[in-house]
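Using mature numbering (1 follows the signal peptide of the UniProt record, and there is no 0), the letters of the sequence shown correspond one by one to residues -21 to -1, 1 to 415.
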Amino acid sequence: MAFSASRLCVLFVVLLRSTSGQEQLATEVWEDETAGNDIMPTPAPKPAKTPTTPGLIWIPGLPFSIPAGGRTPPPGFLFNLSKRGNFTFPKKQAESALSKAAFQLEKYFNLIVLPLSIVLNVMSLMVYLQPHRRKQSVSVVMSALAVADIFALYLNWSKMFTLWLDFNLQTYSAFFCRSVTFVSYVARSLSSWYILIFTGERLISVKFPLKKVTMVTMSRVRLVLVVTTVLVTISQCYFVMFMERRSTPHMAACGVASKYTALNEKIKFVMREIFGFLLPSFLTGVCNFFIVRLLRVASKKQIGMTGGSSSERKKEADNTSLTIMLVVVSTFSIIVYTPRSISQIIFDGKDKKTILDGAVDRILECMGILNHSCNFLFYCLGGKTFREDFMRMITCQKYKPARSNTITKSQVRSVAERVSANNGSTKKSENGLNAI
C-alpha cells in the first residue's frame, strides 16, 4: 500500500494530538497477551441520530465517529484504532486520570521508544559482530540476545504501526494472525533464556577462572544456543494450532478458537509464563546471587596483594567489569518483566475494565518493552571495551590489538620445538667429539 508524504504527516499529527476532555473512548479492545485474544466488550448501542458535530462522519453499524476527509478505512481498523486515536464519540464515558496517563505513556512508547530501541539493538549487534569479538563466547550470546530483542520489538512496533496506517496485516490475514504473534512470543521467551546463558557463562568464568577456556568453548556455546532456540520454538507451537482469524460485520480479530480455549488456558500457563519466563528468570537470579558472592570473596582476597603484571591486573579488572555489567542487565530484566508476568497469571480471564480501567496493564506492558530496550545503555555505561569498540565503529577506525604479556599455547609449542631441536644438535656434536 502506497502512502503519500502528506497523508503520513496527517496521520502522525492525529496520533500525536493530546487527549482532551471532549474526546473520550467509547469502547476498548483489551488485548489479553497471555491467552492471545482480543477481548472485545459489547459495543456501545447505535445512536438514534447521526451526530451533527462538524468535521465528523458517522458510519452505520459503528458506535463512534471519525474525522471527515479522505477515503473510509475498513471497519476493523476503525474499531481497533478507537483505543489508540483521539476521536469524538457520540456516547462519552468518563476516564480516570491514571487511565489517561497510561494511555499517553503507551502511545509515546510505541511512537518513540520502540523504534529507538530497535536502532540501539542493531548497533549492539554490529559491535558484537566485529571480527575481533567473534572469537569470544560472550559476544556470541550477546549477539543472539540482540537478535531476539530486535524481533520482539520490531513485531510489536510493526503491529501498532500498520494498524495506525490503516492496514493491519495481523487482523486481515490468517497467515499473519498466526506467524506474527507466534514469532513475537518466541522472541520474548528466547530473550529470557539467552540472558540465562550469558549469566551462566559469567558464573563459570568467576567460579573456575583457570578452567573457563576449556569448559566454555565456542562449539559448546553455539550448541547450547541452537538447542535452546529449538526447544523454545517447539514450546510455543501450540499457539499456532489454536489461533484463528475471526471476523464480524464490524471488525476482524486474531485470537484463540473457542473450541481450544480451555486447553489453551492450561498449556499457556506452563509454556509461556513458567517455561518462557519464570523458570529462566529464577535460574538467572540464582546465578546472579552466586556471582555477587564470589566477587565479594575475590575482592577481599585481593586487598593488600600487589603481585602480577599490569596487563594481567588490567585484564582481570576488565573481566570483573564485564561480569558486573551483565549481572546488572540480567537483574534489570527480572525487575521490569516479573510484574507483568505475575499480573498475567493473577488477572488471567478477568474483565480488565475493572482493573483500574486497564491502566495497570498498559503500564506493565511498557515496562516489559524496557526489557528489550535498555541493554545498549547498560553496555555503554558498564563496559569500557564496548564503548571503545562502538566509538571505533562509528568513526570507521581499524582495530589494533594491544600487546599482551601472556603466553599462548602456540608460543609454548614453538619454544618446546626449539628446545628439542637444540638438544638434538647438542647430542650430535657430543657424539662427534667422542668419535674424534
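Note that beta-carbon positions come from the ideal geometry of N, C-alpha and C, so glycine has one too.
Model, not experiment: these values are computed from the prediction.
Residues of the same chain with a CB within less than 8 angstroms of the CB of T364, apart from the 5 flanking positions on each side, are D297, L301 in chain order. A Cβ-Cβ distance of about 6 angstroms is found for the pair V211 and V165, placing them in contact under the 8 angstroms criterion. Here R199 is exposed: its Cβ has fewer than 16 other Cβ atoms, across all protein chains shown, within 10 Å.
A residue is called buried when at least 16 other Cβ atoms come within 10 angstroms of its Cβ; M194 does not meet this threshold and is exposed.
With respect to the C-alpha of L258, the residue from R341, V235, Y173 having the closest C-alpha is Y173.
DSSP, reduced to helix, strand and coil, places G264 within a helical segment of the structure shown.
In the pairwise beta carbon analysis, the stretch 340 to 359 is classified as touching the stretch 311 to 325: at least three pairs are separated by under 8 angstroms.
Residue burial is scored here from C-beta neighbours: E180 has at least 16 other C-beta atoms within 10 angstroms and is therefore classed as buried.
Secondary structure at R224: strand, using DSSP grouped into helix, strand and coil.
The beta carbon of G255 sits closer than 8 angstroms to the beta carbons of Y164, R167, S168, S171, V211, S214, Q215 from its chain, once the five residues preceding and following it are set aside; these are given in chain order. Judged by beta-carbon spacing, F311 lies beyond the 8 angstroms limit of V106, meaning their Cβ atoms are not closer than that value. Between the alpha carbons of G264 and I313 lies a distance of about 8 angstroms.
It is roughly 17 angstroms from the alpha-carbon of L356 to the alpha-carbon of A127.
Excluding sequence positions up to five before and after A81, its CB lies within less than 6 angstroms of the CB of A338, R341, I342, all in the same chain and listed in chain order. Using a Cβ-Cβ distance cut-off of 8 angstroms, the stretch 81 to 94 and the stretch 114 to 129 are not in contact, since fewer than three pairs of beta carbons, one from each stretch, lie closer than that value.
If you ignore the 5 residues before and after L124, its C-beta comes within less than 6 angstroms of the C-beta of Y173, all in its own chain and listed in chain order.
According to the DSSP secondary-structure assignment, G234 is paired through a beta bridge with E223. The beta carbons of N243 and T178 sit about 31 angstroms from each other, so the pair does not count as a contact at 8 angstroms. Note on geometry: alpha-carbon atoms of R366 and C359 lie some 5 angstroms from one another. The Cβ neighbour count for F154, taken over all protein chains shown within 10 Å, is under 16; the residue is labelled exposed. Judged by beta-carbon spacing, L182 lies within the 8 angstroms limit of F269, meaning their Cβ atoms are closer than that value.
When secondary structure is reduced to three states using DSSP, V195 falls in the coil class, being assigned neither helix nor strand.
With respect to W136, I97 sits close: the two C-beta atoms are nearer than 8 angstroms.
In this structure, the straight-line span from the alpha carbon of K186 to that of A277 is close to 10 angstroms. In this structure V271 is in contact with V306, their Cβ atoms being roughly 7 angstroms apart against a cut-off of 8 angstroms.
R251 is the residue among R251, F130, G234, V209 whose C-alpha sits nearest the C-alpha of I324. Secondary structure note for F155: its alpha helix (DSSP H) is the uninterrupted segment 153 to 186. By the neighbour-count criterion, in which a residue is buried when 16 or more other Cβ atoms sit within 10 angstroms of its Cβ, L202 is exposed.
Boundaries of the alpha helix (DSSP H) harbouring F82: 76 to 87, taken from the DSSP string.
Annotated three-state conformation of S352 is coil, per DSSP. Annotation for I348: F88, V92, L93, S96, L132, N135 place their beta carbon closer than 8 angstroms to its own, counting only its chain and skipping 5 residues before and after. For F248, same chain residues with a beta-carbon under 6 angstroms away, outside a window of 5 residues either side, do not exist.
Residue environment for H351: buried (at least 16 other C-beta atoms within 10 angstroms of its C-beta). Secondary structure of K379 (DSSP, three-state): coil. R275 has its alpha-carbon roughly 37 angstroms from the corresponding atom of V209.
Secondary structure at T374: coil, using DSSP grouped into helix, strand and coil.
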